[in-house]
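Take a look at the structure set out below.
4 protein chains.
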Amino acid sequence: MNPIRVSIVGASGFAGGELLRLLLFHPKVQVMQVTSERYFGKPVSKVHPNLRKQTSLTFCGIDDLQACDVLFLGLPHGSAQKQIEHFLPLAERIIDLSADFRLNDAESYKKWYGQAHRRPELLQQFVYGIPELHREEMKSARYVSSAGCNATATILALYPLYKEGWVHADRTVVEVKVGSSEGGNKVSKASHHPIRHGCVRSFKPTGHRHIAEMEQELAFGQSLTIHFSATSVEMVRGVLATSHVFLNRSLSEKDVWKLYRHYYGKEPFIRIVKERDGLYRFPEPKLLAGTNFCDIGFELDARSNRLVVISAIDNLMKGAAGQAVQAFNIMYGFEKTTGLEFPGLHPI
Amino acid sequence: MNPIRVSIVGASGFAGGELLRLLLFHPKVQVMQVTSERYFGKPVSKVHPNLRKQTSLTFCGIDDLQACDVLFLGLPHGSAQKQIEHFLPLAERIIDLSADFRLNDAESYKKWYGQAHRRPELLQQFVYGIPELHREEMKSARYVSSAGCNATATILALYPLYKEGWVHADRTVVEVKVGSSEGGNKVSKASHHPIRHGCVRSFKPTGHRHIAEMEQELAFGQSLTIHFSATSVEMVRGVLATSHVFLNRSLSEKDVWKLYRHYYGKEPFIRIVKERDGLYRFPEPKLLAGTNFCDIGFELDARSNRLVVISAIDNLMKGAAGQAVQAFNIMYGFEKTTGLEFPGLHPI
Amino acid sequence: MNPIRVSIVGASGFAGGELLRLLLFHPKVQVMQVTSERYFGKPVSKVHPNLRKQTSLTFCGIDDLQACDVLFLGLPHGSAQKQIEHFLPLAERIIDLSADFRLNDAESYKKWYGQAHRRPELLQQFVYGIPELHREEMKSARYVSSAGCNATATILALYPLYKEGWVHADRTVVEVKVGSSEGGNKVSKASHHPIRHGCVRSFKPTGHRHIAEMEQELAFGQSLTIHFSATSVEMVRGVLATSHVFLNRSLSEKDVWKLYRHYYGKEPFIRIVKERDGLYRFPEPKLLAGTNFCDIGFELDARSNRLVVISAIDNLMKGAAGQAVQAFNIMYGFEKTTGLEFPGLHPI
Amino acid sequence: MNPIRVSIVGASGFAGGELLRLLLFHPKVQVMQVTSERYFGKPVSKVHPNLRKQTSLTFCGIDDLQACDVLFLGLPHGSAQKQIEHFLPLAERIIDLSADFRLNDAESYKKWYGQAHRRPELLQQFVYGIPELHREEMKSARYVSSAGCNATATILALYPLYKEGWVHADRTVVEVKVGSSEGGNKVSKASHHPIRHGCVRSFKPTGHRHIAEMEQELAFGQSLTIHFSATSVEMVRGVLATSHVFLNRSLSEKDVWKLYRHYYGKEPFIRIVKERDGLYRFPEPKLLAGTNFCDIGFELDARSNRLVVISAIDNLMKGAAGQAVQAFNIMYGFEKTTGLEFPGLHPI
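Residue numbers (our numbering), protein chains in the order written: chain A, -16 to 331; chain B, -16 to 331; chain C, -16 to 331; chain D, -16 to 331.
Following this line, the structure appears as structure tokens:
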């Protein structure tokens, strides 16, 4: 079989670079072009130093893009919808890593992003990019929109519980602890090392945009509110989501085990991590750096009906580039784990 | 006036060392003796390298203790109640940094610490050590029991809200992010640097012992449940508590400002930190290293009745040694801030 | 072709775990047994959490070892020579990751390790494990002894210069900056997180044992002294060696480029990293986490005859497990990079 | 006595903020004005969050400066010499924290800073700001120029050895490991957290400007070359200098002890740190955060005539603001340690 010819638009950012790394080593893929207006003409290893000696690709401009099989979009929010007309004719399939086509409902864009969507008629054509929820639709999809990193960690933790209707839908409190790479590669005073180092910074106590995705994916026809806060911690990659869920029935930890096993038992990228002893009893994001795993653990509060669900991902992998490749594999019928085998490092 | 003669029992631990640092520089105090069985005879700077060239004190044994004005106890949990008979005759006043006399109710020790208290009749004689809540009692107290670090950060954040009865008392979810010094100076695999480095470790999703203190101090005759979880992050000193409170009435952020100002406006160690812009919009524990501040900020969730309250302390200072000195100053009628003037460092 | 059957003795340590990760994913290898006396009977993922869902292997004891093609030894220093009699009959080939067979000369063990070697007659049968220096001998070798991590970073930086005789052999000063994983997985007060965090610790200003290897490999019949110091920094994996070399002739930076290109131009794991601008002008160990690269850069001091050579590796990879697999590939005639393709992560 | 009235020009930078913190708590000082063009009119706590509730000072402009007793200059390099005409009439005494008046020789500015000095005739009027070397001159000085941070750590380590002439003056190799605050508060891609985090970055292998100061202060009429390199490590504050010195005579460690004791025995801010065991055998910069200490340790290489001298400081304190206040105390005849008593934190 001929390799699938892919190009990456916006390949100089963190997620774009991670995608490029994955696709360069993907056995079924040939990377054709990678664009960056700022680094036009420069070798990709100038921006992604881990790719030194791995490729001789150089960045081209968006106007140089040629037709290919799949176009991955790694542009800043707002850019994809603005330029989508340019991209649609270039490729049979498009996987967008931005937030531009994540929400099904144009109204939600006004509410959460403060602007009317430019191409609301396209929203229904994009499949929301979490394969564990939308695998069947992906198989025949032309367009996939990758999920937000915090949304991915949260939705995967809560999905079985909300799907089954076992929770008080309006009481869940979620706190994510995130690394600095979530902010992207654009410098700012807030990410200046002497300022950002060692932070435990409550950067978004309320109003985080990813809430829109969570509520969309967990609704199942019901109204719900996710009470979400985000805190930056000393880390570059990684998300740890701690979800405090209030059960509407009596469950044992064994019941919860069964539930997660039922939903995720065959998923290669979801691991239930819950150990009685040892050094890593619950999910730990640092172990997932470079991997596509979402590790999920939990503990029942003996004093109340609270279930604490802990989930971890690498925001650039399962939270962005890795999940995009996972969707890509489904779209083409490849093995689920192709190109995503890296198990992560320990110690790290 | 003659200096107050103080001794520290159990001065080789992290909190004991911090206490020693504070008391050595306290203008009204003379440090008489410091004990450590393990480091008996050694200069204190061997264990607390920041005290090099600051003192020539050496550690003595508990049996060498002589009478003094105030005895500070920095022993591991369980030791203080076991040896209290030995300490009571030695000093007019005792300030205990352990958990041994924090709870008013002997039953609570069985429930939370799994053992009957050895001296339940003493519990009522100890004042719970948060001066902002118990200043009046401290003025005439002989015995003070320092509050837990996570409890201090949480209680100070929630106290005005619970006192006024403005919240759904059973719905509050609190998540603390803590540094590695909370675990003390005893080595373990879990605190081995290659393992602990870069962690976002859900070490106590439910069942943390400090909950007992929180519920004791926030009850005001009412029943309540604090849904508490603790996560370790990459940091040595510091606690950030994020409290998700659900209001039982409609409040504006201005109302919340007023409330905190009313309760804490004259407190020298509490600062309301809430800024519209800038790099430190909310409390940040790293800025508090070495200080006795508790910084408190908040944000109202526009979508619901959730109020997110963010509070930060240095666990070894406001969470232990600093708060003990603050109580000491009250007991002797000294200026509130004596010996606690250090404002903290920036950048750090 | 049948897979090569390998077993790892001492697989619960950091280097052993890394080796196991590499061999599990090596397409030509079948991992037969892994030993650990302490974790006997436990699944390997209990100790190496990155291997969850990757293997169902459990640890066995040394006495359970069966014959195989290659035995990798990951035991603490001193253990391999003590038990070598037990291992020799089990496998045609042995690759030892400890220091036990690194030095050619039994006298050196007395001098540097303070003890007579137990099996001096075997020393000549082990090839020193840096493939870039000993590839030809490895092709027919039965026994390979992996090089020390600091030694590898230093020797690869200095080899071309010493081989050509372009330097004052007695004047080189080398300083390595190392991460905490170099100390292994055994806990100690010095590696307790609150102590070790943020350190810049001069742990071995003089007398480091790896000097013996450096001077052995760089001698070329000449006497020489490497003035070596080691400092621990805040990092888990990685070594950065800064070598201050004093040239005995006038060279331009272009000459130095040529030299390194001549020696290493065809080596897949050595990259010359020296850029005029950009964020990663010189080698940076964090970029190499999980990779087998040794990146080398340099700068000539315009004011003197000093050449500063900067080299970086991942101590557990090119400094241990990765280099062992590199040697393994040579011994079996496999592609140089088989099983070692991971390019590293960015950002990290 | 009336307090000394001081103002700080350029008080929004890291060193300026540190200076402000020290002077606000200095019992003999009244801070009159602090300037910042960028933050004109804003409260200083907006920029220096550790000063919240400590002062109500706001930034003014340089043109608003009024006469005072001492003017501290915290401007970027080049600005002080450009505007010095404006400052001279304002205050009897000036202490400049920039590099503008550090070098005695105008030629050196051309060589190291690439530009002719604008006011070479003033250079001789500035005393180089290391009190341990220039205390006598400071007593009557009107102008003091603070020393560079790396220069301070290096010079204090080497001064006794060079003064006595015990070393090969041209062979010393110095490597400093520095934190990110050395780069100041101006953002850059290189200091973007995801890039700078976890770095061991060889940012100045040769050609660092502080070499000029080192060679000036260590010359004693002799020619000398300091072979200097600087590496950034994961840390915000702190410098560790490792100096590899080659002795021209046979010395024991006891001789070196005596030497340092002779030179520094009465210096309150220099501590000889060299212990046989324990966790902090040599100087460690993290222990010095917020302090004015320079800790110095050493080890003789048993194999050669190399002496490794290890010195640590806080770059913003002994390397900038603290040392400036130390000089100020001397100029006014105050106690050496006034305002500089903070002993540092442990653990940290």
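C-beta: ideal position from N, C-alpha, C; glycine also.
Nearest neighbour of leucine 116 of chain D, chosen from D:Leu86, D:Glu282, D:Pro143, D:Ala213 [CA to CA]: Measuring from the Cα of leucine 116 of chain D, the nearest candidate turns out to be D:Pro143.
Cβ distance (whole Å) where phenylalanine 55 of chain A is taken to contact isoleucine -9 of chain A below 8 Å: Going by Cβ atoms, the distance from phenylalanine 55 of chain A to isoleucine -9 of chain A rounds to 5 Å, so yes, they are a contact pair.
Per DSSP, the bridge partner or partners of lysine 160 of chain C: DSSP lists C:Thr214, C:Leu223 as the bridge partner or partners of lysine 160 of chain C.
Complete runs of the alpha helix (DSSP H) confined to the segment 220 to 290 of chain B [at least 4 residues]: Runs of the alpha helix (DSSP H) inside the segment 220 to 290 of chain B: 236 to 247.
Same chain, Cβ closer than 7 Å to glycine 57 of chain C, neighbours up to 5 away in sequence not counted: In the same chain as glycine 57 of chain C, and ignoring 5 residues on each side of it, the C-beta atoms closer than 7 Å to its own belong to Ile(-9), Val(-8), Gly(-7), Ala(-6), Gly(-4), Ala(-2), Gly(-1), Leu2, Leu80, in chain order.
C-beta neighbour in chain B for histidine 175 of chain C, strict 8 Å: Yes, its Cβ sits closer than 8 Å to a Cβ of chain B.
Buried versus exposed call for aspartate 260 of chain D [16 or more other C-beta atoms within 10 Å across all chains shown]: Under this definition aspartate 260 of chain D is an exposed residue.
Beta bridge counterpart(s) of cysteine 347 of chain D as assigned by DSSP: There is simply no residue 347 of chain D to check, as chain D begins at -16 and stops at 331 in what is shown.
C-alpha gap between cysteine 51 of chain D and serine 235 of chain C, whole angstroms: Each residue's alpha carbon lies about 54 Å from the other.
Cβ neighbour criterion (16 or more within 10 Å) applied to glutamate 75 of chain B: When all chains shown are included, glutamate 75 of chain B counts as exposed.
Where asparagine 275 of chain B falls, given that 16 or more other Cβ within 10 Å makes a residue buried: Classification for asparagine 275 of chain B: buried.
Residue range of the unbroken alpha helix (DSSP H) whose run includes proline 194 of chain D: Proline is not the amino acid found at residue 194 of chain D; the sequence shown has isoleucine there. Per DSSP, isoleucine 194 of chain D belongs to the alpha helix (DSSP H) from 193 to 201.
Per-residue DSSP class, three states only, for alanine 304 of chain C: If DSSP states are grouped into helix, strand and coil, alanine 304 of chain C belongs with the helices.
Three-way DSSP call (helix, strand, coil) for histidine 175 of chain B in this model: It is a strand residue.
Contacting residues, own chain, Cβ-Cβ under 6 Å from threonine 137 of chain D (five flanking each side not counted): Within its own chain, the residues whose Cβ lies closer than 6 Å to the Cβ of threonine 137 of chain D, once the five positions on either side in sequence are excluded, are Val157, Met197, Ala224, listed in chain order.
Burial state of glycine 24 of chain D, where buried means 16 or more other Cβ atoms lie within 10 Å: Exposed is the call here.
Positions along the segment -9 to 23 of chain B whose CB lies within less than 9 Å of some CB in chain D: Residues of the segment -9 to 23 of chain B whose Cβ lies closer than 9 Å to any Cβ of chain D, in chain order: Phe(-3), Gly0, Glu1, Arg4, Leu7, Phe8.
Neighbour flag for leucine 262 of chain B against chain A, beta carbons, 8 Å: When Cβ-Cβ separations below 8 Å define contact, leucine 262 of chain B makes contact with chain A.
Beta-carbon proximity check, proline -14 of chain C vs valine 17 of chain C, cutoff 8 Å: Not closer than 8 Å, so no.
Rounded C-alpha distance that separates lysine 93 of chain C from serine 233 of chain D: If you take the alpha carbons of lysine 93 of chain C and serine 233 of chain D, they lie about 26 Å apart.
Residues bridged to alanine 295 of chain D (per DSSP): The partner list for alanine 295 of chain D (beta bridge, DSSP) reads D:Leu223, D:Asp278.
Contacts that lysine 160 of chain D makes with chain A (C-beta to C-beta distance below 9 Å): By Cβ distance, chain A contributes nothing, its closest Cβ being about 15 Å from lysine 160 of chain D, past 9 Å.
In DSSP terms, what phenylalanine 109 of chain A is bridged to: For phenylalanine 109 of chain A, the pairing in a beta bridge is given by DSSP as A:Tyr126.
Residues that phenylalanine 186 of chain D bridges to, as DSSP identifies them: BP columns for phenylalanine 186 of chain D are empty, so no partner.
Same chain, Cβ closer than 8 Å to lysine 122 of chain D, neighbours up to 5 away in sequence not counted: Same-chain partners within the cutoff: Ile313, Met314, Gly316.
Beta-carbon proximity check, aspartate 153 of chain C vs leucine 207 of chain C, cutoff 8 Å: In this structure, aspartate 153 of chain C lies near leucine 207 of chain C, with their beta-carbon atoms less than 8 Å apart.
Cβ pair lysine 160 of chain A, valine 216 of chain A closer than 8 Å: In this structure, lysine 160 of chain A sits near valine 216 of chain A, with a CB-CB distance shorter than 8 Å.
Cβ-based neighbour list, valine 30 of chain C, same chain, cut-off 6 Å, excluding 5 preceding and 5 following: Cβ neighbours of valine 30 of chain C beyond the five flanking positions: Ser(-5), Tyr22.
Within chain C, partners of leucine 86 of chain D - CB distance below 8 Å: Under the 8 Å cutoff, chain C gives no residues; its nearest Cβ is about 16 Å from leucine 86 of chain D.
Sequence-distant residues of its chain with Cβ nearer than 6 Å to phenylalanine 26 of chain D (five each side left out): The question names phenylalanine, but residue 26 of chain D in the sequence shown is proline. Only Thr41 meet the Cβ criterion.
Rounded separation between leucine 283 of chain C and tryptophan 95 of chain D - CA only: Each residue's alpha carbon lies about 17 Å from the other.
Touching by the beta-carbon criterion (3+ pairs, under 8 Å), the segment 173 to 190 of chain A and the segment 170 to 180 of chain D: Touching, per the Cβ criterion.
Sequence-distant residues of the same chain with beta carbon closer than 8 Å to arginine 289 of chain C, five excluded per side: Cβ within range, chain order: His227, Val228, Phe229, Leu230, Leu283.
Residue closest to isoleucine 194 of chain A, alpha-carbon to alpha-carbon, out of A:Gly148, A:Cys132, A:Ser171: Distance check between isoleucine 194 of chain A and each of A:Gly148, A:Cys132, A:Ser171 places A:Cys132 closest, using alpha-carbon atoms only.
Same chain, Cβ closer than 6 Å to glutamine 64 of chain D, five either side skipped, listed in chain order: Excluding positions up to five away in sequence, the list reads Asp83, Arg101, Arg102.
Which of helix, strand or coil DSSP assigns to leucine 170 of chain C: Strictly speaking, residue 170 of chain C in this sequence is valine, with leucine absent from that position. It is coil, neither helix nor strand.
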